[in-house]
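Numbering (full-length UniProt numbering), first residue to last: 1 to 337. We put the beta carbon where it would ideally sit given N, CA and C, even for glycine. Here the structure is a predicted model, which is why all the values come from computation and not from measurement. Note sheet for the following structure.
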Ligand SMILES: O=C(O)CCC(=O)C(=O)O
């Protein structure tokens, strides 16, 4: 069992919530930048979006008509750190690379042991030099109600139980129990994760639904149901966040999104890597098109003084992602649809 309470909760439940990590001025700056960016994306002037009706990347790029008003139906905006976004990118960069988010990420990415690898590596605290820039996107209210199917981010629905166990890094002994959700083996993943993913809410958010503990076991029969949009599965839990709350979750927890078009949603959806993960993370990160612009990211707007420390951290994390991109080649896509 990990010694850090946060790591222990992530290992057993598959998610952990931290309340009110943003101060009022940071929250208000982020809301303003998020509103401008969302309006720009809906008007077709930001190409990197998640379009309603499609769950997984790649998403089509809107082609605005110069003569008529364009309205793009979106449920997400991608690439918040892309310098082409203009001044908003610096506001988002302060949140992504700042201590509030990365303090929690570093704790979650630290380790008490080598996670079962048996090579004696990877023990200890996670330092700034270990961090790798990954994704920073935003999930927003669609114009019409929209749902995502139940999924794990990096394991296809078609995976057999054996494949699922291998991808999740859980012992095959789980298979020998009658009901995997009741297994003694359940509840703690053996393999160390070299990344962590989060939703940071700028408005009250109840869109994410998870099945606690499901990251550490194969799907039960009930979870292998033919209806990927099954409205209720045993043990499901709606994640309630207030503005400034953040949920870190294992991206292979069984989860879905249910979006109510009458409720404002602007939740920053990010992931942070550890250098130990390198190639294994390449597909998850680079399938979102980040490789096309990450080497152009310029964090000069983060300034000097105290911000200089954050800027240096940002540049180091960016450089480690650029290196990962160079080494990885064509990575393909995790899921389709
Ligand atoms: O809307 C959410 O919080 C979940 C998004 C999600 O499941 C995904 O991006 O894969």
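Under the three-state reduction of DSSP, residue 248 is assigned to strand. Between residue 132 and residue 317, the gap from beta carbon to beta carbon is short of 8 Å. Under the DSSP assignment, residue 256 falls in the beta strand (DSSP E) whose first and last residues are 255-259.
It is roughly 35 Å from the alpha-carbon of residue 59 to the alpha-carbon of residue 309. For residue 21, the secondary structure class from DSSP, reduced to helix, strand or coil, is coil. Residue 211 sits in coil when the DSSP states are folded into three classes, being neither helix nor strand.
By the Cβ criterion, the region 321-328 is not in contact with the region 93-109, since fewer than three pairs of Cβ atoms, one from each stretch, lie closer than 8 Å. Cβ contact annotation for residue 255 (same chain, cutoff 6 Å, sequence separation greater than five): 210, in chain order. Cβ-Cβ distances below 6 Å link residue 16 to 6, 9, 10, 248 in the same chain, with the five nearest sequence neighbours on each side left out; the list follows chain order. Under the three-state reduction of DSSP output, residue 82 falls in the coil class, being neither helix nor strand. The alpha carbon of residue 128 has as its nearest neighbour, out of 328, 311, 326, 327, the alpha carbon of 311.
Cβ contact annotation for residue 100 (same chain, cutoff 6 Å, sequence separation greater than five): 21, in chain order. Residue side-chain check: residue 153 places its Cβ nearer than 7 Å to a non-hydrogen atom of ligand 1. Membership of residue 103 in the alpha helix (DSSP H) is indicated by the continuous run 99-109.
Between the alpha carbons of residue 270 and residue 32 lies a gap of roughly 18 Å.
The beta-carbon distance between residue 71 and residue 50, rounded to whole angstroms, is 15 Å. This is too long to meet the 8 Å contact definition.
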